[in-house]
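*Asks:* Pasting a structure here, questions to come.
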Amino acid sequence: MTKLQQLFREQGQSPWLDNLKRGYLTTGQLERLVADGIRGITSNPTIFQKAIEGSSDYDEQFRDLAKVSSAEDAYWAMVVDDIEAALAILRPVYDASAGGDGFVSVELAPDLARDTDGSVAAARRLHERIDEPNLFVKIPATAEGVPAVQRMIAEGRSINITLIFSLDRYDEIIEAYLSGLEAYDGDLARVHSVASFFVSRVDTETDRRLEAVGRDDARALQGKVAVAQAKLAYQLFRARFSGPRWDRLAARGASLQRPLWASTSTKNPAYPDLLYVDNLIGPDTVNTLPDATIAAFEDHGTVARTIDDGADDARHTLERLAEVGVDLDDVSRVLEDEGVASFTKSYDELLGALESKRAELTA
Numbered sequence: 017m018t019k020l021q022q023l024f025r026e027q028g029q030s031p032w033l034d035n036l037k038r039g040y041l042t043t044g045q046l047e048r049l050v051a052d053g054i055r056g057i058t059s060n061p062t063i064f065q066k067a068i069e070g071s072s073d074y075d076e077q078f079r080d081l082a083k084v085s086s087a088e089d090a091y092w093a094m095v096v097d098d099i100e101a102a103l104a105i106l107r108p109v110y111d112a113s114a115g116g117d118g119f120v121s122v123e124l125a126p127d128l129a130r131d132t133d134g135s136v137a138a139a140r141r142l143h144e145r146i147d148e149p150n151l152f153v154k155i156p157a158t159a160e161g162v163p164a165v166q167r168m169i170a171e172g173r174s175i176n177i178t179l180i181f182s183l184d185r186y187d188e189i190i191e192a193y194l195s196g197l198e199a200y201d202g203d204l205a206r207v208h209s210v211a212s213f214f215v216s217r218v219d220t221e222t223d224r225r226l227e228a229v230g231r232d233d234a235r236a237l238q239g240k241v242a243v244a245q246a247k248l249a250y251q252l253f254r255a256r257f258s259g260p261r262w263d264r265l266a267a268r269g270a271s272l273q274r275p276l277w278a279s280t281s282t283k284n285p286a287y288p289d290l291l292y293v294d295n296l297i298g299p300d301t302v303n304t305l306p307d308a309t310i311a312a313f314e315d316h317g318t319v320a321r322t323i324d325d326g327a328d329d330a331r332h333t334l335e336r337l338a339e340v341g342v343d344l345d346d347v348s349r350v351l352e353d354e355g356v357a358s359f360t361k362s363y364d365e366l367l368g369a370l371e372s373k374r375a376e377l378t379a
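Under this note's numbering, the first residue of the sequence shown carries the number 17, and numbering increases by one thereafter.
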């Protein structure tokens with residue numbers, strides 16, 4: 017049994033792959049990863065930029081598309097083909113888990129991150145274009161994204177909410193999910209959601225600010241804030257998905273909106289490579305892992321429940337962060353803006369490259 021399989025069977029955490037590229041689909045690599053315990057896939061504009069620009073796997077399809085399509089339409093045609101192929105590979109996992117896993121996530125165009133109505137329309141179109149029950153459309157957890165999430169859930173559409181950086185915004189996302197379920201008059205068992213809480217980037221930004229404070233008590237918090245906040249997010253998850261309100265929805269067949277730990281590769285080489293994996297293991301959660309992190313976890317990861325360890329210490333860590341003068345609310349605002357900007361940059365650069373290539377092919 018692999019450690020990925022142990023993670024799910026013994027601890028109730030679902031390991032997902034944070035990557036998707038054509039080569040995984042044509043070589044059987046994705047089937048092998050699923051056989052080893054991968055139970056879902058996430059993608060984003062940066063992942064697709066690397067996949068499409070980093071290989072020749074898409075060239076033949078793009079040459080055909082370039083004759084009749086714009087660069088953007090060609091991009092979405094290639095992305096949809098990859099997503100549909102991955103959905104087919106993951107469908108047995110979805111069926112065997114009764115909708116618990118087996119999902120593949122595709123992200124909206126990042127220029128919609130501040131557009132509620134545009135996000136709703138685009139998410140609806142993607143769900144209609146890729147009409148599979150194990151599709152997640154990703155909507156970012158911006159202020160404008162929150163009502164879009166509520167409206168999509170109220171239509172019975174499954175959504176992965178991405179770019180969550182703060183406990184307050186996470187609480188808003190939970191509320192959007194619950195109120196969306198309450199507004200939906202169909203079969204709640206058909207509706208699924210995960211809330212993607214980004215982890216490592218929190219340390220990257222808080223570490224920078226703590227270093228700028230320059231005191232020993234500030235530096236002592238470096239590398240501790242991201243895990244602490246994620247542990248408190250799990251406590252919030254357990255609190256919100258309990259009690260009479262949730263019981264009424266669960267009685268109608270509703271599924272938990274699981275926390276998903278995203279951005280789990282360690283950015284600081286001074287930190288353990290599994291800092292954001294080994295310390296966040298617990299039931300009813302997802303950890304989405306890039307390839308190198310999967311390999312590291314299989315090599316030296318520890319399969320044990322850790323998500324509840326040190327909850328009081330986690331609260332104290334965030335209290336001390338405020339005491340040394342680092343505003344975690346501002347950190348989350350900066351990270352949200354940077355996350356949206358990063359995906360937008362990847363998307364725009366790729367479309368620009370595709371447009372140039374299309375012009376050459378059609379000249």
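Note that beta-carbon positions come from the ideal geometry of N, C-alpha and C, so glycine has one too.
Considering Cα atoms alone, identify which of Gln-21, Ala-138, Asp-75 and Glu-188 is closest to Glu-376.
*Replies:* Counting from 1 along the sequence shown, the entry for residue 376 is found at position 360. It is Asp-75 whose Cα lies nearest to the Cα of Glu-376.
*Asks:* Identify whether Lys-154 lies in helix, strand or coil by the three-state DSSP scheme.
*Replies:* By one-based count along the sequence shown, residue 154 stands at place 138. It is a strand residue.
*Asks:* Taking just the CA atoms, how far does Thr-222 sit from Ala-338?
*Replies:* Stepping through the sequence shown from its first residue, residue 338 is reached at position 322. Stepping through the sequence shown from its first residue, residue 222 is reached at position 206. So the two alpha carbons sit approximately 11 Å from each other.
*Asks:* Threshold first: 4 residues or longer. Then list the alpha helix (DSSP H) segments lying entirely within the stretch 339-379, N to C.
*Replies:* Here the runs fully enclosed are 344-378.
*Asks:* Hey, Ala-234 and Leu-334: beta-carbon distance below 8 Å or not?
*Replies:* Taking the sequence shown and counting its residues from 1, the one referred to as residue 234 is at position 218. Taking the sequence shown and counting its residues from 1, the one referred to as residue 334 is at position 318. Their beta carbons are not under 8 Å apart, which means Ala-234 does not touch Leu-334 by this criterion.
*Asks:* Run through the DSSP bridge pairs and tell me what Arg-274 is partnered with.
*Replies:* Taking the first residue of the sequence shown as position 1, residue 274 is located at position 258. Answer is Val-210.
*Asks:* Output the distance between the C-alpha atoms of Ala-139 and Leu-124, rounded to the nearest integer angstrom.
*Replies:* Counted from its first residue, the sequence shown places residue 139 at position 123. Counted from its first residue, the sequence shown places residue 124 at position 108. The straight-line gap from Cα to Cα measures roughly 7 Å.
*Asks:* What span of residues does the alpha helix (DSSP H) with Ile-180 cover, start to end?
*Replies:* Against the sequence shown, residue 180 aligns to sequence position 164. Careful: Ile-180 lies outside any alpha helix (DSSP H), inside the beta strand (DSSP E) at 175-180.
*Asks:* From Glu-354, Arg-374, Thr-378 and Glu-371, pick the residue whose C-alpha is nearest to that of Ala-129; which is it?
*Replies:* The residue labelled residue 129 in the question sits at position 113 within the sequence shown. The candidate whose alpha carbon is nearest that of Ala-129 is Glu-354.
*Asks:* I need the straight-line Cα distance from Leu-290 to Val-215, nearest angstrom please.
*Replies:* Working through the sequence shown from its first residue, we reach residue 290 at position 274. Working through the sequence shown from its first residue, we reach residue 215 at position 199. Roughly 12 Å separates the two Cα atoms.
*Asks:* Mind the definition here: the stretch 23-39 touches the stretch 83-92 only if three or more C-beta pairs lie below 8 Å; say whether that holds.
*Replies:* Not touching, per the Cβ criterion.
*Asks:* Quick check on the DSSP output: the alpha helix (DSSP H) that includes Ser-195 runs from which residue to which?
*Replies:* Residue numbering aside, residue 195 sits at position 179 when the sequence shown is read from its first letter. First-last of the alpha helix (DSSP H) with Ser-195: 183-199.
*Asks:* Let me check understanding here. Comparing Cα to Cα, which of Glu-188, Leu-197 and Phe-213 lies closest to Ile-206?
*Replies:* Start at 1 with the first residue of the sequence shown, and residue 206 comes out as number 190. Here residue 206 turns out to be Arg, not Ile, going by the sequence shown. Closest by alpha carbon: Leu-197.
*Asks:* Taking buried to mean at least 16 other C-beta atoms within 10 Å of its own C-beta, is Met-168 buried or exposed?
*Replies:* Here residue 168 corresponds to residue number 152 of the sequence shown, with the count starting at 1. Buried is the call here.
*Asks:* Excluding five sequence neighbours on each side, which residues of the same chain lie with their C-beta closer than 6 Å to the C-beta of Phe-181?
*Replies:* For the purposes of this step, residue 181 is taken as residue 165 along the sequence shown, with counting starting at 1. If we look at Phe-181 and ignore the five residues flanking it on each side, its Cβ neighbours are Phe-214, Ser-348, Leu-351 and Glu-352.
*Asks:* Which of helix, strand or coil does DSSP assign to Ile-57?
*Replies:* Sequence index remark: in the sequence shown, residue 57 carries index 41 (1-based). Ile-57 falls in the strand class under three-state DSSP.
*Asks:* So what's Glu-227 in DSSP terms, helix, strand or just coil?
*Replies:* As a position in the sequence shown, residue 227 is number 211, starting the count at 1. In the structure shown, Glu-227 sits in a helix (DSSP, three-state: H, G or I).
*Asks:* What is the DSSP secondary structure of Glu-160, counted as helix, strand or coil?
*Replies:* Against the sequence shown, residue 160 aligns to sequence position 144. Residue state, collapsed to three classes: coil.
*Asks:* Excluding the five sequence neighbours on either side, which residues of its own chain have a C-beta within less than 7 Å of the C-beta of Ile-105, listed in chain order?
*Replies:* For this step, residue 105 is matched to residue 89 along the sequence shown. Hits under 7 Å: Leu-46, Glu-47 and Val-50.
*Asks:* Taking the alpha-carbon positions, what's the His-208 to Leu-296 distance?
*Replies:* As a working mapping, residue 208 is identified with position 192 in the sequence shown. As a working mapping, residue 296 is identified with position 280 in the sequence shown. Distance between the alpha carbons of His-208 and Leu-296: 22 Å.
*Asks:* Where does Glu-148 sit, in a helix, a strand or coil, going by DSSP?
*Replies:* On the sequence shown, residue 148 is found 132 positions in, with the first residue counted as 1. The answer is coil: DSSP assigns Glu-148 none of H, G, I, E or B.
*Asks:* Which residues in the same chain as Gln-166 place their Cβ atom closer than 7 Å to its Cβ, once the five residues preceding and following it in sequence are excluded?
*Replies:* Along the sequence shown, read from residue 1 onward, the residue named residue 166 stands at position 150. Excluding sequence neighbours, Gln-166 sits near Ala-192, Ser-195 and Gly-196.
*Asks:* Starting from the C-beta of Pro-299, find all residues in its chain whose C-beta is less than 6 Å away, skip the five residues before and the five after it, and write them out in chain order.
*Replies:* Here residue 299 refers to the residue found at position 283 when the sequence shown is read from its first residue. Contacts found: Gly-28.
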